[in-house]
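S.K.: Chains as they are written, first to last, in the numbering used here: chain A, 22 to 233; chain B, 625 to 715. C-beta atoms are modelled at their ideal positions from N, C-alpha and C, and glycine is treated no differently. Since the structure is predicted, the reported quantities are computational estimates derived from the model, not experimental observations.
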Amino acid sequence: MDQPGASADRAVIDALRAGDEAAFVAFAASHQTSLLRLARMWVKNEALAEEVVQETWLTMLESADRFEGRSRLKTWLCGILVNVARARLRKEGHSVPVSSLEGPDEPAVDAGRFSPPGVPWEGHWWPPPNPFPESPEAHVLNRELRAGIENAIEKLPQAQREVIVLQDIEGFRCEEVSEILGLTSTNERVLLHRARAKVRAALERHYEGGAS
Amino acid sequence: MSVRDLVSLTCKELVELVTDYHCDALAPAERAVFEQHLFGCTWCMTYLKQADRAIELTAQLQAPPAPAPVDTEKLRALFRGWRAGKGGQSG
Numbered sequence: 022m023d024q025p026g027a028s029a030d031r032a033v034i035d036a037l038r039a040g041d042e043a044a045f046v047a048f049a050a051s052h053q054t055s056l057l058r059l060a061r062m063w064v065k066n067e068a069l070a071e072e073v074v075q076e077t078w079l080t081m082l083e084s085a086d087r088f089e090g091r092s093r094l095k096t097w098l099c100g101i102l103v104n105v106a107r108a109r110l111r112k113e114g115h116s117v118p119v120s121s122l123e124g125p126d127e128p129a130v131d132a133g134r135f136s137p138p139g140v141p142w143e144g145h146w147w148p149p150p151n152p153f154p155e156s157p158e159a160h161v162l163n164r165e166l167r168a169g170i171e172n173a174i175e176k177l178p179q180a181q182r183e184v185i186v187l188q189d190i191e192g193f194r195c196e197e198v199s200e201i202l203g204l205t206s207t208n209e210r211v212l213l214h215r216a217r218a219k220v221r222a223a224l225e226r227h228y229e230g231g232a233s
Numbered sequence: 625m626s627v628r629d630l631v632s633l634t635c636k637e638l639v640e641l642v643t644d645y646h647c648d649a650l651a652p653a654e655r656a657v658f659e660q661h662l663f664g665c666t667w668c669m670t671y672l673k674q675a676d677r678a679i680e681l682t683a684q685l686q687a688p689p690a691p692a693p694v695d696t697e698k699l700r701a702l703f704r705g706w707r708a709g710k711g712g713q714s715g
């Protein structure tokens with residue numbers, strides 16, 4: 022029941038119910054950048070993304086009374102955004118990609134990276150993976166790495182992109198991502214697994230000097 | 625006992641369990657086998673560190689290089705518009 026930050030969430034909701042303009046502006050301003058980034062996953066057009074976020078704020082204000090504190094306020098807010106964005110897509114006549122396990126089973130690592138069947142070390146690394154650089158700079162996202170990772174995420178199937186953006190960029194936990202996207206926890210982890218595997222592979226290509 | 629019996633999980637199988645391991649979704653017995661392999665296999669340890677690095681770097685995308693300033697005036701106007709639409713009622 023007691024979510025981290027539950028009392029802070031409660032204070033924001035109480036302020037909104039009381040019609041506290043300053044509290045709304047402060048809260049909305051601190052989440053605006055995140056919400057815009059999320060909205061862009063469904064509507065690519067910048068003006069439409071703005072509209073989706075505005076509608077999210079209005080929906081939140083309208084339904085503040087219904088927030089029960091069972092999840093974090095930010096989780097609840099992102100759930101609203103996802104519903105608004107999907108509804109908007111439907112209204113524009115687009116088919117809405119449902120978060121699902123699309124496509125066939127995808128191995129996290131290409132089968133060619135393991136010893137083939139019939140040899141004594143079948144299924145074990147060959148050739149083995151090379152460690153990534155361990156310098157302090159290698160732990161910091163420079164322009165090149167940023168472009169490489171952004172590109173890898175951009176190329177993901179929609180359902181995988183939704184999950185990795187929420188979990189690894191926005192920092193939601195597995196169960197929160199499941200709640201926001203309406204996924205079972207098993208499907209959420211499968212999508213996350215496939216997405217993360219592709220980002221790791223892109224980093225590996227980057228360090229091995231290949232093009233991404 | 626052969627080495628295969630001791631390891632009992634191939635590297636190819638281990639890489640598919642990494643996310644469940646990270647999300648703490650492995651059953652205790654699976655977790656034990658996973659860790660037994662991992663701590664005896666330099667290459668899978670390398671893979672896990674690569675996977676961790678990918679997560680670490682992806683998280684840094686949260687801070688855009690040049691964040692666009694948030695237009696608080698617009699948010700204020702939105703709030704006032706909403707309140708006016710409610711007929712000025714308070715609470």
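State the start and end residues of the unbroken alpha helix (DSSP H) segment that holds residue 669(B).
M.R.: Segment 666-683, the alpha helix (DSSP H) holding residue 669(B).
S.K.: If you run the structure through DSSP and keep just helix, strand and coil, what is residue 147(A)?
M.R.: If DSSP states are grouped into helix, strand and coil, residue 147(A) belongs with coil.
S.K.: Exposed or buried, which one is residue 625(B) when buried takes at least 16 other CB atoms within 10 Å?
M.R.: Reliability of the predicted coordinates at residue 625(B) is poor, the pLDDT of 37 falling under 50, and no value is obtained from them.
S.K.: Where does residue 88(A) fall in DSSP's three states?
M.R.: Coil.
S.K.: How would you list, in chain order, the residues of chain A whose beta-carbon sits under 7 Å from the beta-carbon of residue 703(B)?
M.R.: Correct list: 42, 45 and 46.
S.K.: Going straight from the alpha carbon of residue 656(B) to that of residue 634(B), what length do you get?
M.R.: About 14 Å.
S.K.: Less than 8 Å between the C-beta atoms of residue 105(A) and residue 71(A), yes or no?
M.R.: Contact: no.
S.K.: So does residue 67(A) have its beta carbon nearer than 7 Å to some heavy atom of the ligand MN?
M.R.: Looking at this structure, you won't find the ligand MN or any other ligand, since it has none at all.
S.K.: Measure from the C-beta of residue 233(A) to each C-beta in chain B and report whether the shortest distance is under 8 Å.
M.R.: Residue placement at residue 233(A) cannot be trusted, given a pLDDT of 43 that sits under 50; what the coordinates show is reported in the next sentence. Closer than 8 Å: no.
S.K.: 8 Å is my cut-off, CB to CB: does residue 674(B) come that close to chain A?
M.R.: By this cut-off, residue 674(B) is an interface position.
S.K.: Any beta-carbon of chain B closer than 8 Å to the one on residue 77(A)?
M.R.: For residue 77(A), the answer is no, since every Cβ of chain B falls outside 8 Å of its Cβ.
S.K.: Counting only beta-carbon atoms, is residue 637(B) nearer than 8 Å to chain A?
M.R.: By this cut-off, residue 637(B) is an interface position.
S.K.: Going along chain A, which residues have a C-beta under 8 Å from residue 691(B)?
M.R.: Correct list: 54.
S.K.: Determine the extent of the alpha helix (DSSP H) in which residue 110(A) is found, giving its start and end residues.
M.R.: Where residue 110(A) is concerned, the enclosing alpha helix (DSSP H) stretches over 94-112.
S.K.: Would you kindly work out how many angstroms separate the C-alpha atoms of residue 213(A) and residue 708(B), rounded to a whole number?
M.R.: Whole-angstrom Cα-Cα distance: 43 Å.
S.K.: Going straight from the alpha carbon of residue 205(A) to that of residue 211(A), what length do you get?
M.R.: Each residue's Cα considered, the two are about 10 Å apart.
S.K.: Once DSSP output is grouped into helix, strand and coil, what is the label at residue 183(A)?
M.R.: Of the three classes helix, strand and coil, the one that applies to residue 183(A) here is helix, per DSSP.
S.K.: For residue 114(A), which residues from the same chain have a beta carbon less than 6 Å from its beta carbon, with the 5 sequence-adjacent residues on both sides left out?
M.R.: Around residue 114(A): no qualifying Cβ.
S.K.: Grab me the residues of residue 34(A)'s own chain with a C-beta within less than 6 Å of its C-beta, minus the 5 sequence neighbours each way, in chain order.
M.R.: So the qualifying residues of the chain are 85 and 88.
S.K.: Counting Cβ pairs, one atom from each stretch, are 3 or more of them under 8 Å apart for the region 160-167 of chain A and the region 642-662 of chain B?
M.R.: No: fewer than three Cβ pairs fall under 8 Å.
S.K.: Tell me which residues share the same chain as residue 142(A) and place their Cβ nearer than 7 Å to its Cβ, disregarding the 5 neighbours each side in the sequence.
M.R.: So the list reads 136, once near-sequence residues are dropped.
S.K.: Counting only the same chain and skipping the five closest in sequence on each side, list residues whose C-beta sits under 6 Å from that of residue 638(B).
M.R.: Once the five neighbours on either side are set aside, the close Cβ partners of residue 638(B) are 661 and 668.
S.K.: Determine the DSSP secondary structure at residue 193(A), reduced to helix, strand or coil.
M.R.: Correct three-state label for residue 193(A): coil.
S.K.: Just grab the DSSP bridge partners of residue 135(A) for me.
M.R.: The partner list for residue 135(A) (beta bridge, DSSP) reads 146(A).
S.K.: Buried or exposed for residue 43(A), please, with buried defined as at least 16 other CB atoms from any protein chain shown within 10 angstroms of its CB.
M.R.: Residue 43(A) should be labelled exposed.
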